[in-house]
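When we follow numbering that gives the first Met the number 0, the leftmost residue of the first sequence carries the number 0, and every step to the right adds one. Reading through the structure tokens given below for one structure.
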Amino acid sequence: MSDTYTRIYAVVRRIPAGRVSTYGEVARRAGLSGYARQVGYALHALDEDADVPWQRVVNARGEVSLPADAGLDSLQRQMLEAEGICFDARGRLDLKQYGWDSPPGLGKKR
DNA sequence: ACTCAGGCGCTAC
DNA sequence: AGTAGCGCCTGAG
Numbered sequence: 000m001s002d003t004y005t006r007i008y009a010v011v012r013r014i015p016a017g018r019v020s021t022y023g024e025v026a027r028r029a030g031l032s033g034y035a036r037q038v039g040y041a042l043h044a045l046d047e048d049a050d051v052p053w054q055r056v057v058n059a060r061g062e063v064s065l066p067a068d069a070g071l072d073s074l075q076r077q078m079l080e081a082e083g084i085c086f087d088a089r090g091r092l093d094l095k096q097y098g099w100d101s102p103p104g105l106g107k108k109r
């Protein structure tokens, strides 16, 4: 396992429950600014046993970008809803409200 | 609101 | 060993 993945996992593990972060933000926090794509790969190669909340990582649009054929998209959505995160009609969540660095209390307007 | 191009490293054939 | 595509981002048109 490369050191890059280790850093990514470390950052994802620090995401508090009930909140989400984006690939780019995770990469930036890991000191890997610009490696957003690698974050997705790191999470994909992640084991089920690993205590890494990969479900709390979504794309910049605030939507789950996992392939539907794998069924992981519904799984992620389910787990996030279990943490108190609500999706809108389009299947997207509000990063202004649930975003990691985004201060709570927002969510009006988008 | 959308498309296009550039960038970064990894996986899969 | 080379090529193509990816759980993407960002900025510009």
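Backbone N, C-alpha and C define an ideal beta-carbon position, used for all residues, glycine too.
For residue i, does the three-state DSSP call read helix, strand or coil?
i	result
residue 20	strand
residue 51	coil
residue 82	coil
residue 70	coil
residue 91	strand
residue 63	coil
residue 8	helix
Would residue i be called buried (16 or more neighbouring beta carbons within 10 Å of its own) or exposed?
i	result
residue 5	exposed
residue 94	buried
residue 74	exposed
Is the beta carbon of residue j closer than 8 Å to that of residue i?
i	j	result
residue 39	residue 22	yes
residue 45	residue 3	no
residue 10	residue 29	yes
residue 99	residue 47	no
Excluding the five sequence neighbours on either side, which residues of its own chain have a C-beta within less than 8 Å of the C-beta of residue i, listed in chain order?
i	result
residue 109	Confidence in residue 109 is poor, its pLDDT being 39 and thus under 50, which makes the residue's placement unreliable; the coordinate value appears in the next sentence. Hits under 8 Å: 93, 95.
residue 12	50, 51, 52
Return the chain-ordered list of same chain residues with a C-beta closer than 6 Å to the C-beta of residue i, the five sequence neighbours on each side being excluded.
i	result
residue 78	54
residue 86	92
Q: Would you be able to state if there are at least three C-beta pairs under 8 Å between the stretch 8 to 17 and the stretch 58 to 72?
A: The stretch 58 to 72 and the stretch 8 to 17 do not touch, with fewer than 3 CB-CB distances between them shorter than 8 Å.
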